[in-house]
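Numbering (the numbering used here), first residue to last: 207 to 341.
Written out as structure tokens, the structure reads:
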């Protein structure tokens, strides 16, 4: 499922346990994106935070880990609190990115039951139209 706000684009997978998108995951993503947006005035462009959270509103009681940057956020549900985030990011690249990539099987032994990616929408810079020449 994909949806947008004025500042962010959200892309979420379907939960493998419920067969639906997870509202608790969407709430967590919205909260983290708002926090990172508010922090940008006090941080640099390379600001990054990683953490974990229990999704208390999730009927399945999932645990989630996340990595948030000023331009993107990824949250992985149904993961172990100490799971390495780099292999999960590679797995998410396969699903969310539009470039071809591969990864060996078995790198992610326990794939997340759901994921969400939040991308910051950058305002477009105005460009001047090229001058047209009449012949």
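Think of the CB as a built atom: it goes at the ideal place given N, C-alpha and C, for glycine as much as any other residue. All of these numbers come straight from a predicted model, not from anything done at the bench.
- 8 Å or more divides the Cβ of residue 281 from the Cβ of residue 248.
- Annotation note: the segment 256–331 contains the following uninterrupted beta strand (DSSP E) runs of length 3 or greater, listed N- to C-terminal: 269–275, 278–283, 320–326.
- Counting along the chain, residue 248 sits inside no beta strand (DSSP E), nor does DSSP assign it H or E at all.
- 319 is the residue among 330, 319, 271 whose C-alpha sits nearest the C-alpha of residue 225.
- Taking a C-beta distance under 8 Å as the contact criterion, residue 246 and residue 327 do not qualify as a contact pair.
- Apart from the 5 residues on each side of it in sequence, residue 220 sits with its Cβ closer than 8 Å to the Cβ of 207, 226, 227, 320 in its chain, given in chain order.
- The beta carbon of residue 307 sits closer than 8 Å to those of 296, 299, 300, all from its chain and outside the five residues before and after it, given in chain order.
- Contact between residue 293 and residue 269 does not hold, since the beta-carbon distance rounds to 17 Å and is not under 8 Å.
- Under the DSSP definition of a beta bridge, residue 237 lacks any partner.
- Here residue 278 is actually not in contact with residue 222; their C-beta atoms are around 23 Å apart, not less than 8 Å.
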